[in-house]
Amino acid sequence: MRDETIDTHCPYCALQCGMKLRAAADPADGTERTVEVVERTEFPVNRGALCGKGRTAPAVLSSRVRLTGPLVRSHATGRLEEATWEEALRTIADGLGRTRAEHGADAVGVFGGGGLTNEKAYTLGKFARVALGTSQIDYNGRFCMSSAAAAHTRAFGLDRGLPFPLEDIPRTGCVILVGSNLAETMPPALRYLTELKENGGTLIVVDPRRTRTAEQADLHLAPRPGTDLALALGLLHIVVAEGRTDDAFVEDRTTGWPEARAAAMAHWPELVERITGVGVPQLREAVRMFCDAPTGMVLTARGPEQQSKGTDTVGAWINLCLATGRAGRPLSGYGCLTGQGNGQGGREHGQKADQLPGYRKLDDPAARAHVAEVWGVPPESLPGPGRSAYELLDALGRDVRSLLLMGSNPVVSAPRAAHIEERLRSLDFLAVADVVLSETAALADVVLPVTQWAEETGTMTNLEGRVLLRRRALTPPEGVRSDLEVLHALAGLLGHEKGFPTDAEEVFEELRRASAGGPADYSGITYRRIAEEDGVFWPCPGTADDGPVHPGTPRLFLDRFATPDGLARFVPVTHRPAAEEPDAEYPVLLTTGRVVAQYQSGAQTRRVGELTAAAPGPFVELHPQMAERLGVAEGDPVAVVSRRGRAEGPARVTNGIRPDTVFMPFHWPGAGRVNSVTNPALDPTSRMPEFKVCAVRVEAAAPG
Ligand code: SF4
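Last residue of the sequence shown? That's 704 in the UniProt record's numbering, and every number before it is there in order.
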């Protein structure tokens, strides 16, 4: 065992906990195949704490089920069979090239992931637009925080998940946490809320379930799924009625208040009680707690965001912050708790259908000219905006006939998943790069085995906007290549030998130039600085060689918002029902979410024994009243059925959920795949599907 430890970060969620890795040699052949996780207490975000997912992450590196050689589907047998890298890459270049020749560049799609490093996300966007010439690229982060990103940009002129560092949370006066089960999704972050309460602050949790996070709250509001917008409007109504607005702040730092105020005043508390199921006294208590505190924050996550009105829902919470002067000030503000590891960076560097690196807009001529110059191509050669993630997946086999997919498993994670699975099967050609044979990879014509987090270097941007360096800690197994090597090789086969480096730092240097002057400006950030400073917050513009180094920007908006006039925008929003409301045939509300031992589609964590033992499969959480009505007891098989499909799991009976609602986690495929049931109705602005609410029928199922 080497003594040397390497500082790096967890491969999973957006907290990007710091850890040290120590490589251990395999006694059989002396290669470094296993690593030991060592605490990295000096990294400020998690101070050494890790959840079970992070602690066991090395298990996937040495897993027997990881892919260690390319697979190509045999015409003769129809099965995936071992192939050389040359055969596999040539088959992909031929498959994508054939589609492009026969149907045009936009018939080729690219689908990325929120777990890809900044360098990979950047290169994938460039590969799509330069090497393939297609507009059809988006990524699974669209399913994560896109509504918050849209609302953030609309109100503040800039989207960074948290406009302040996590360390500010314990020092504020009151936090309203909306639709986040932090205790299960990112357990080390729970300490920020614990410390908030130890410091005398108060915590309000909004969630239809009494989660482990809600149990920490001073006040738990449990609205009907899909009514968070009305809840926020009701609180704002009370703020106005009780004279608790910060008029000076509204006057000096915002615009649009009269319209937003009028919209809120149409949502009087009794009406909001009827819509949400949250009593007027609780609404008043929430306002008292929030406004009595000298400072306050509203933090949202997937609950309010994954709705077909997610942008307006987040906008309503932002309006509450603005009206009470809790934005653009120290220890106050609105923030989004981004979920995926690089959900933040993944959306900043060109993986999104409508954006170029630096968080530039694809339809902005100046942005196109800047990025085209960095890429060495004419601006007019860059395609325009493409389809959003669900719309892209829905178009497969029709307008989009071939797909290259990296770092995503939509067969499990997309809404209306059975339909998306069918669309994937209907493709002329599908290539997937992954570390294991995920449910999506199993459908591919070619599967490429790629390196994992600890086997490669690259940067990630966590939920605070802190750019971090993940360092290579061990040698990858023979037979796997990095995503950057894959894109380099494919670009070469498609006639673009230059412009797709395989070295991550070289890519980052180009990314710095491409982002320079954009909203997400990384031009002052270098690998060396990240290592020395434990991360650098963007925006961080570069400076002249002899000028002072920009320190990065941990706190945004303190002097002005990022709008042209520096003022934050109130946006008037009104309540509207979910896209699908309960009726006689489907009388129950379904909401979905996560459990602590699994991550996203579970492609990696379902292959870790300790995690699978802790969370072996899906379940249906339901209230005792519903259980009694159905005649089911704890553990009995239950089916949840919507207009789109069916999912089953054992009953988990609890008083901690509303009697009109059932909950299922989404990490599993097969009969327990809850995304077979979910509704792909899209938010008109963010194109976020409505994962968090749909109408279902719940019934006792036959024992499996
Ligand atoms: Fe990894 Fe997130 Fe767990 Fe931290 S909280 S160890 S980043 S999965």
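Every residue gets a Cβ at the ideal spot worked out from N, C-alpha and C, and that includes glycine.
Tell me the DSSP secondary structure of residue i in three-state form.
i: F156; result: helix
i: residue 735; result: Since the first residue shown for the chain is 1 and the last is 704, residue 735 is missing from the structure and cannot be characterised.
i: D94; result: helix
i: H488; result: helix
i: M1; result: Note that M1 scores a pLDDT of 47, beneath 50, so its modelled location is shaky; the value from the coordinates is reported in the next line. The answer is coil: DSSP assigns M1 none of H, G, I, E or B.
i: T502; result: coil
i: L630; result: helix
i: N140; result: helix
i: Y12; result: coil
i: L219; result: strand
i: C291; result: helix
i: P541; result: coil
i: T245; result: coil
i: S408; result: coil
i: L622; result: strand
i: P703; result: coil
i: G109; result: strand
i: L493; result: helix
i: Y334; result: strand
i: Q340; result: coil
i: D7; result: strand
i: F663; result: strand
i: K692; result: coil
Using CA coordinates, which residue listed in the options is at the minimum distance from residue i?
i: G376; options: D364, S180 and K498; result: K498
i: E285; options: L221, T254, Y334 and G161; result: L221
i: A579; options: M297, D521 and S308; result: S308
i: E478; options: A14, R55, L21 and P70; result: P70
i: S482; options: E464, L463, T457 and A473; result: T457
i: G386; options: D363, I204 and V467; result: D363
i: P637; options: H349, R560 and P703; result: P703
i: R697; options: D683, V412 and R629; result: R629
i: C17; options: G535, P501 and L193; result: G535
i: L484; options: P501, R643, L424 and L469; result: P501
i: A183; options: V298, L283, G52 and L405; result: G52
i: S426; options: D445, V435 and R416; result: D445
i: E102; options: R560, N462, V400 and L231; result: V400
i: G133; options: A150, G114 and R100; result: R100
i: G672; options: N655, P659 and E648; result: E648
Identify the continuous alpha helix (DSSP H) that holds residue i and give its terminal residues.
i: I318; result: G310 to A323
i: R529; result: Y527 to E533
i: I238; result: D228 to A241
i: I275; result: P269 to T276
i: H370; result: P365 to W375
i: R261; result: W257 to M265
i: E391; result: A389 to D394
i: V60; result: P58 to L61
i: T592; result: Premise fails: T592 lies in the beta strand (DSSP E), V588 to G593, not in any alpha helix (DSSP H).
Under DSSP, the beta strand (DSSP E) around residue i begins and ends at which residues?
i: H419; result: Taken as a continuous stretch (DSSP letters only), H419 belongs to no beta strand (DSSP E), being part of the alpha helix (DSSP H) at A417 to R425.
i: A301; result: Looking at the DSSP string, A301 is not in any beta strand (DSSP E), and its letter there is neither H nor E.
i: N679; result: N679 to L682
i: P637; result: P637 to V641
i: K53; result: From DSSP, K53 is part of no beta strand (DSSP E) but of the alpha helix (DSSP H) over G52 to R55.
i: E195; result: Counting along the chain, E195 falls outside any beta strand (DSSP E), though it belongs to the alpha helix (DSSP H) covering L190 to E198.
Contact defined as beta carbons within less than 8 Å: I believe residue i pairs with residue j. What is the distance between those atoms, to the nearest angstrom?
i: T123; j: V507; result: 6 Å
i: R466; j: F557; result: R466 to F557, Cβ: 17 Å. No contact.
i: A615; j: G635; result: No, A615 and G635 are not in contact; Cβ-Cβ is about 15 Å, not under 8 Å.
i: P383; j: S135; result: 4 Å
i: T543; j: G524; result: 6 Å
i: L67; j: V447; result: 7 Å
i: residue 722; j: E610; result: As displayed, the chain neither begins before 1 nor continues past 704, which places residue 722 out of reach and without an answer.
i: V178; j: G234; result: No, V178 and G234 are not in contact; Cβ-Cβ is about 13 Å, not under 8 Å.
i: G201; j: C174; result: 6 Å
i: G335; j: G161; result: 6 Å
When you measure from the CB of residue i to every non-hydrogen atom of ligand 2, does any distance come out below 7 Å?
i: P548; result: Ligands in the displayed structure: ligand 1; ligand 2 is not one of them.
Cβ contact (3+ pairs, closer than 8 Å) linking the stretch 155-173 and the stretch 315-333 = yes
Would you call the stretch 657-677 in contact with the stretch 589-599, where contact means no fewer than 3 C-beta pairs closer than 8 Å?
Yes: the two stretches touch, three or more of their Cβ pairs being nearer than 8 Å.
(Q) Quick test of the definition: if touching needs 3 or more C-beta pairs under 8 Å, does the stretch 235-242 touch the stretch 252-269? (A) yes
- Query: Okay, do the stretch 411-426 and the stretch 113-120 touch, 3+ Cβ pairs below 8 Å being the bar?
  - Reply: no
- prompt: Do the stretch 204-220 and the stretch 339-353 meet, that is, are 3 or more Cβ pairs less than 8 Å apart?
  reply: no
Practice task
Kindly confirm or deny that the stretch 134-148 and the stretch 389-400 touch, where touching means at least three C-beta pairs closer than 8 Å.
Solution key: By the Cβ test, the stretch 134-148 is in contact with the stretch 389-400, since at least three Cβ pairs between them sit closer than 8 Å.
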